[in-house]
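Shown next, in structure tokens, is the structure this report addresses.
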Amino acid sequence: MLIGMARSLVVKVTAGTDSPERCAQAFTVAATAVAAGVDVSLWLTGESAWFALPLRAAEFTLPYSAPLPDLLDTVLAGGRVTLCSQCAARREITEEDVLDGVRIAGAAVFVEEALAEGAQALVY
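Throughout, the working numbering is defined as the position within the sequence shown, counted from one, plus 1.
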């Protein structure tokens, strides 16, 4: 791990197809951090909540961006992916609906992760 690098990274993405560049940047940063050996927690909130569902990431395209399913798979394989509980409820998404490895949790868990010693939180 690089000197001065956070021991953990919490990335909250609020954008989906409504703001594709912001969305892709969040997933890219999270996947890059996983590849660098950082403990990563990716939070899907707002319009990005839909990417917790099977095949939804495959519908996302952005020129010159890594495919969203690949980025999501990287984070699922080496980090944690959490769907905001309120965002899930508003979209009628349940634990039975989401991709394997995606958990549903609320704001208290996000705050706990973001305030952990050595954590850096980013919101996109």
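Using N, Cα and C, we set each Cβ at its ideal position, and we do this for glycine too.
* To do: Determine the burial state of Asp71: buried for a count of at least 16 other Cβ atoms within 10 Å of its Cβ, exposed for fewer.
  => Stepping through the sequence shown from its first residue, residue 71 is reached at position 70. Exposed, by the Cβ-count rule.
* Assign Asp98 to one of three DSSP states: helix, strand, or coil. => For the purposes of this step, residue 98 is identified with residue 97 of the sequence shown, where counting begins at 1. Reduced to three states, the DSSP call for Asp98 is coil.
* **Residue interval of the alpha helix (DSSP H) (run including Leu73)** => As a working mapping, residue 73 is identified with position 72 in the sequence shown. First-last of the alpha helix (DSSP H) with Leu73: Leu69 to Gly79.
* To do: Tell whether a beta-carbon distance below 7 angstroms holds between Thr46 and Thr75.
  => Translated into the one-based positions of the sequence shown, residue 46 becomes position 45. Translated into the one-based positions of the sequence shown, residue 75 becomes position 74. No, these two residues do not count as a Cβ contact at 7 angstroms.
* Asked: Who pairs with Arg104 in a beta bridge, going by DSSP?
  -> Along the sequence shown, one-based indexing puts residue 104 at 103. BP columns for Arg104 point to Thr83.
* Asked: Are the beta-carbon atoms belonging to Leu100 and Pro64 less than 7 angstroms from one another?
  -> The residue labelled residue 100 in the question sits at position 99 within the sequence shown. The residue labelled residue 64 in the question sits at position 63 within the sequence shown. Result no, Cβ atoms of Leu100 and Pro64 do not sit closer than 7 angstroms.
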